[in-house]
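Asks:
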């Protein structure tokens, strides 16, 4: 992919998402879906074969930090086997990020990517509501049930 193709893809994604400014994503590398910040980073020179997607889940409370880290590591185990994304901490802001490498750019369709971005945003909102706001003490099986719609008794290896 080259920079011009990236701009075209961003414009098509913006169209699919019904964004007001169809060119903003391509030039700013930033959008919000339901108040969830998402960055799409493309560098034609160093990584022409992928787009880096960063979904900002926001900050976490200091009092729940260890519980949340524990649950995020478990989510990494599960999400790492189902997607190409992982959870991370932004070292500058301390925010939780979901990081996805979008590959197979020649076959990437704007409609599919727009739906993926919507899904990432919905998952971020779910995590904010179920994991970051007072739910850190909840058993991970309960959180998995809320996020993935699986019964709480489902073994983790079946979720992965």
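Residue numbers (our numbering): -7 to 152. Yeah, the Cβ is synthetic: ideal placement off N, Cα and C, and Gly gets one too.
1. Helix, strand or coil for residue 0 per DSSP?
2. Considering only DSSP beta bridges, list what residue 80 is partnered with.
3. Residue 95 by DSSP, collapsed to three states: which one?
4. May I ask which residues mark the beginning and end of the alpha helix (DSSP H) holding residue 107?
5. Figure out for me which residue from 45, 11, 12 has the closest Cα to the Cα of residue 89.
6. Tell me which same chain residues have a C-beta within less than 7 angstroms of the C-beta of residue 120, skipping the five on either side of it?
7. Would you call the segment 80 to 88 and the segment -3 to 12 touching, i.e. three or more CB-CB distances under 8 angstroms?
8. Around the C-beta of residue 55, are 16 or more other C-beta atoms found within 10 angstroms, so that it is buried, or is it exposed?
9. Between which two residues does the beta strand (DSSP E) holding residue 53 run?
10. Are residue -7 and residue 105 close, meaning C-beta to C-beta below 8 angstroms?
11. Quick check on this structure: which residue in 40, 7, 63 has the alpha carbon closest to the alpha carbon of residue 94?
12. Skipping 5 residues on each side, what residues in its chain have a beta carbon closer than 7 angstroms to that of residue 77?
13. DSSP on residue 65, reduced to helix/strand/coil?
14. Can you list, in chain order, the residues of its chain whose CB lies under 7 angstroms from that of residue 26, leaving out five sequence neighbours each side?
Replies: Taking the structure as given:
1. For the purposes of this step, residue 0 is identified with residue 8 of the chain shown, where counting begins at 1. If DSSP states are grouped into helix, strand and coil, residue 0 belongs with the helices.
2. On the chain shown, position 88 is the one that residue 80 refers to. Residue 80 pairs with 89.
3. As a working mapping, residue 95 is identified with position 103 in the chain shown. Three-state result, residue 95: coil.
4. The residue given as residue 107 occupies position 115 in the chain shown. Residue 107 -> alpha helix (DSSP H) spans 102 to 119.
5. For this step, residue 89 is matched to residue 97 along the chain shown. When only C-alpha atoms are compared, the closest one is 45.
6. Against the chain shown, residue 120 aligns to sequence position 128. The residues are 49, 50.
7. no
8. What you label residue 55 is simply residue 63 of the chain shown in a count that begins at 1. Answer is exposed; the Cβ neighbour count stays below 16.
9. Stepping through the chain shown from its first residue, residue 53 is reached at position 61. No beta strand (DSSP E) contains residue 53, which DSSP labels as neither H nor E.
10. One-based indexing of the chain shown puts residue -7 at position 1. One-based indexing of the chain shown puts residue 105 at position 113. No, the pair does not count as a contact, with Cβ atoms beyond the cut-off.
11. Taking the first residue of the chain shown as position 1, residue 94 is located at position 102. Selected option, being the one with the closest Cα: 40.
12. Mapped onto the chain shown, residue 77 falls at position 85. Here the set comprises 71, 90, 91, 92.
13. For the purposes of this step, residue 65 is taken as residue 73 along the chain shown, with counting starting at 1. Residue 65 falls in the helix class under three-state DSSP.
14. Locating residue 26 in the chain shown gives position 34, where the first residue counts as 1. Cβ within range, chain order: 113, 117.
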